[in-house]
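As they're listed, the protein sequences go chains A and B. 19 is the number of the first residue of the first sequence in this note's numbering; add one for each residue after it. 19 is the number of the first residue of the second sequence in this note's numbering; add one for each residue after it. Heads up, the beta-carbon is just placed ideally off N, CA and C, and yes, glycines get one too.
2 protein chains.
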Amino acid sequence: MTSTQPENLPEISPAEWEVMRIVWTLNGAQTHELISSLQEKMDWTESTIKTLIRRLQQKGYLERQGTQRPYVYQATITEQAGINQQTDALFANLCAMHVGPTLIRLVKNNTLSQQDLTELSQLIATKQATAPAVVACDCLADCQVENQGECHE
Amino acid sequence: MTSTQPENLPEISPAEWEVMRIVWTLNGAQTHELISSLQEKMDWTESTIKTLIRRLQQKGYLERQGTQRPYVYQATITEQAGINQQTDALFANLCAMHVGPTLIRLVKNNTLSQQDLTELSQLIATKQATAPAVVACDCLADCQVENQGECHE
DNA sequence: GAGTTAAGTTTACAATTGTAGACTTATTTT
DNA sequence: AAAATAAGTCTACAATTGTAAACTTAACTC
Numbered sequence: 019m020t021s022t023q024p025e026n027l028p029e030i031s032p033a034e035w036e037v038m039r040i041v042w043t044l045n046g047a048q049t050h051e052l053i054s055s056l057q058e059k060m061d062w063t064e065s066t067i068k069t070l071i072r073r074l075q076q077k078g079y080l081e082r083q084g085t086q087r088p089y090v091y092q093a094t095i096t097e098q099a100g101i102n103q104q105t106d107a108l109f110a111n112l113c114a115m116h117v118g119p120t121l122i123r124l125v126k127n128n129t130l131s132q133q134d135l136t137e138l139s140q141l142i143a144t145k146q147a148t149a150p151a152v153v154a155c156d157c158l159a160d161c162q163v164e165n166q167g168e169c170h171e
Numbered sequence: 019m020t021s022t023q024p025e026n027l028p029e030i031s032p033a034e035w036e037v038m039r040i041v042w043t044l045n046g047a048q049t050h051e052l053i054s055s056l057q058e059k060m061d062w063t064e065s066t067i068k069t070l071i072r073r074l075q076q077k078g079y080l081e082r083q084g085t086q087r088p089y090v091y092q093a094t095i096t097e098q099a100g101i102n103q104q105t106d107a108l109f110a111n112l113c114a115m116h117v118g119p120t121l122i123r124l125v126k127n128n129t130l131s132q133q134d135l136t137e138l139s140q141l142i143a144t145k146q147a148t149a150p151a152v153v154a155c156d157c158l159a160d161c162q163v164e165n166q167g168e169c170h171e
């Protein structure tokens, strides 16, 4: 797996993530926009949202534009970079043997565009040339050596 | 997305996840196995590992087998169910528009077996019949209605 | 069966996160 | 300019998580 920690910023927590989504979607947002958008979805007070904005600034994911008071908060990383950070953190801790079935399941359960599917399909064709017959479990340090991928039995 | 919260157990934390991986891999494990396996990988004391075992029991993810003292701890959910829980929790909070690129990236960066690729490829073929031209962003409640998927510009 | 060791339990404490009130400082409105 | 409002800062507090010491109990060894 390729690791994607942009710099070494601390991670974005779930609640903070909701704030980032709005900022990304609106391409920057003011406090009142964040408050109204988020309150449609989450049962949060203004105060809670302000705290999340502040923490995201402290963590380095949001920064203010301009010097005049209704500041616009902008994201310091792209949405895709943020998503990569989250997914990589998760996949780095999954048993290699289970990654395939997991990706299959995700493809199955999510709506993908025609173009996504076309790209995927080409990618898969490419990978088939060099793919191994099986992917061994990598959960235990000594699994490969001792069991030749036969743990999980 | 299909939601996969087995019952309504609280989530497995990252540190706890490492314990579960070993239990799943060994199909149940005793304390000393957990301690030795985990200490090869993580810089944890015995005590820390015992705490994680206990919390996993409390959360309902581990249970003890037998009544005699070297208990064997068994997982109450399968590894794939655990993985589904984690991935679903993550994907439920990603912008729908970014799911495609994200899955493409994951397929690109991970090793999949021949069989995984074949399954994926069939699945994709099936999906192509009904896939939409584009997947709109769903980050804002009113995004669909107002912007017809034209947020994120 | 006394001592050693492994297992299990109790308690603890700091960091992070979710949640939010209260207070201060600008900005806008009349 | 005074009042009202919005924005921003400070402080707080409970829950969860990472981390671990200390203590108790059962099991194994000689």
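What are the boundary residues of the beta strand (DSSP E) that includes residue i?
i: V90/A; result: V90 to A93
Assign residue i to buried or exposed, taking buried as 16 or more other Cβ atoms, counted over all protein chains shown, within 10 Å of its Cβ.
i: N45/A; result: exposed
i: K145/B; result: buried
i: E164/A; result: Residue placement at E164/A is poorly supported in this model, since its pLDDT is 48, which falls under 50; the coordinates are not used for a value here.
i: L70/A; result: buried
i: E36/B; result: buried
i: Q104/B; result: buried
Can you check whether the C-beta of residue i is within less than 9 Å of a C-beta belonging to chain B?
i: K126/A; result: yes
i: V153/A; result: yes
i: S55/A; result: yes
i: Q132/A; result: yes
Starting from the beta carbon of residue i, find every residue of chain A whose beta carbon is closer than 7 Å, and list them in chain order.
i: R39/B; result: C113 and C157
i: K145/B; result: L130 and L135
i: L74/B; result: What L74/B touches in chain A: nothing, since even the nearest Cβ is about 15 Å away.
Could you tell me which chain B residues have their CB closer than 7 Å to the CB of residue i, listed as they occur along the chain?
i: W35/A; result: N111
i: A149/A; result: L130, S131, Q132 and L135
Just grab the DSSP bridge partners of residue i for me.
i: R82/A; result: Y91/A
i: A47/A; result: Y91/A
Start and end of the alpha helix (DSSP H) containing residue i?
i: P32/B; result: P32 to L44
i: V125/A; result: A114 to N127
i: E97/B; result: E97 to F109
Does any residue of chain A have a CB that is nearer than 9 Å to the CB of residue i?
i: V90/B; result: no
i: R87/B; result: no
i: I122/B; result: yes
Quick one: which chain B residues come within Cβ less than 8 Å of residue i?
i: H116/A; result: E97, Q98 and I101
i: P119/A; result: Q98 and D134
Which bits of chain A does residue i rub up against, with CB to CB less than 9 Å?
i: K59/B; result: L158 and A159
i: S139/B; result: L138, S139, I142, A143 and Q146
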